Amino acid sequence: MKAIIPVAGAGTKLRPHTYTQPKALIPLAGKTILSINVDQLHEAGINEFVFIVGYLGEKIQDYIKAKYPELICHFIFQNERKGTAHAVELTKKIVGEDELFIALGDTICEYDINAVFSSEWSMLGVKKVDDPRNFGVAQVDEKGFISNVVEKPAIPKSNMALVGLYKIKNSKILFKCLENIIANDIKSHNEFNLTDALECMITGGEKFKPFKVENWFDCGKKETLLQSNSILLEKFGGAIAESNQFENTIFIPPVSIAEGCDIKNSIIGPHVAMGENTIVHSSIVKASIIGSFSKLYDVVLDDSLIGNDTEIRGETRSLNIGDNTEIDLGS
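Residues -19 to 311, numbered by the numbering used here, are exactly what the sequence shown covers, in order.
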């Protein structure tokens, strides 16, 4: 089985971070969004990956080659962002007729991956949501098979959202459907959507079963990314690399501190993920993601997302305050 991971999106909701860093490489709980996906699939037995890259794609290519030299990796550039169906169709020559697993690059889910891989059926990951209008939506018949899928319906007939995980047993039929919707300019919401190709397969008689994901971590914008970081740190416990220098510092777990950090006179945590070679002096940081090679001096940060190679300096104050006084140092 080969894995296809589309990571060509520009990540506009995470700007300004995605001006210089691909969304898939944003740090999360001591890893990156992309490495969490690759590790999960590799541990389940997949050794060959096809990455569909676009904006800042060279950074993803360099990252994967450096971190996973043991894997067979292919990189395809999607120069025109025409949708997920167009992206997957570009992989046809590499995939051939092999069984494949597609995982959208900004999707992090917890599910029984071994049960999915061992199933005799093609399978689609689903999760119940309160408002399915912003997702692909699946309907399930009385026999437990998916009878219909539609992309972002105005009036959903189901609350089962497609989460961006697809196991395809018959890739030959998938690529035939992809070619059909592109050749006939069949679009949903001005894009060639993978959901329409799946509907084409279902209409043609291909059987799909749903599999439910236990947790679905949203990494699409700052607020939900920080929330996902906190949840994953709670789940896995975080880690503090040994090659760090700490002086007069308190850590409130869970935290993830990468190698080479210099932290003095500070309080770090809970729910902080910090990149390598970062300096933090006389600061308080909680519920935040701090990029590598950053420098923080005399600051208090909460619910913050700080990029790489960033320097922030606050103010150190000396106060002599008498009784019955109220001072607000905030802005």
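We put the CB at the ideal spot given by N, CA and C, even for glycine.
Note that this is a predicted model, so its numbers are computed, not measured.
When burial is assigned at 16 or more other CB atoms within 10 Å of the CB, is residue i buried or exposed?
i	result
Asp86	buried
Val33	buried
Pro2	buried
Glu69	buried
Thr175	buried
Phe197	buried
Lys215	exposed
His169	exposed
Asp15	First, the residue type needs correcting, since residue 15 is Ser and not Asp in the sequence shown. So Ser15 ends up on the buried side.
Ile26	buried
Pro190	buried
Pro49	exposed
Gln58	buried
Thr317	Beyond the ends of the chain as shown, which are -19 and 311, falls residue 317; an answer cannot be given.
Gly10	buried
Gly124	exposed
Ile270	buried
Lys(-18)	buried
Val280	exposed
Glu179	buried
Ala95	exposed
With DSSP collapsed to three states, give me the class of residue i.
i	result
Asn322	Absent from the model: residue 322. The displayed extent of the chain is -19 to 311, so no value can be given.
Leu142	strand
Asn27	coil
Ala95	helix
Glu50	coil
Lys189	strand
Glu171	strand
Lys137	coil
Phe215	It is Lys, not Phe, that sits at residue 215 in the sequence shown. If DSSP states are grouped into helix, strand and coil, Lys215 belongs with the helices.
Can you check DSSP and say which residues form a bridge with residue i?
i	result
Pro7	Thr12
Asn195	Glu90
Pro112	According to DSSP, which records beta bridges pairwise, Pro112 is partnered with nothing at all.
Cys180	None, per the DSSP bridge assignment.
Ile32	Pro(-14), Ile56
Leu80	Lys(-18), Ile148
Leu276	Val260, Ile292
Val120	Ile126
Ser268	Val252
Glu227	Lys244
Val106	Leu142, Lys192
Leu285	Ile269
Glu100	Its beta-bridge partners do not exist; DSSP assigns none.
Glu203	Glu203 is not bridged to any residue.
Between which two residues does the alpha helix (DSSP H) holding residue i run?
i	result
Cys157	151 to 163
Asp42	37 to 47
Asp261	First, the amino acid is wrong: residue 261 is His here, not Asp. Counting along the chain, His261 falls outside any alpha helix (DSSP H), though it belongs to the beta strand (DSSP E) covering 259 to 261.
Glu69	64 to 69
Ile74	72 to 75
What is the residue span of the beta strand (DSSP E) that residue i lies within?
i	result
Asp282	280 to 282
Ala238	Where Ala238 is concerned, there is no enclosing beta strand (DSSP E), given that its DSSP letter is neither H nor E.
Gly218	218 to 220
Hey, is residue i's beta-carbon within less than 8 Å of any beta-carbon in chain B?
i	result
Val30	Absent here is chain B; the protein component of the structure consists of one chain.
> Three or more beta-carbon pairs under 8 Å between the region 53 to 72 and the region 145 to 164, yes or no?
Replying inline: yes
>> Pairs of beta-carbons, one from the region 2 to 12 and one from the region 33 to 49, closer than 8 Å: are there three or more?
In response: yes
> Counting Cβ pairs closer than 8 Å, one from the region 239 to 249 and one from the region 260 to 279, do we hit at least three?
Replying inline: yes
>> Any contact between the region 89 to 96 and the region 115 to 129? By contact I mean 3 or more CB pairs, one from each, below 8 Å.
In response: no
>> Check whether the region 93 to 109 and the region 138 to 145 touch, using three or more Cβ-Cβ pairs below 8 Å as the test.
In response: yes
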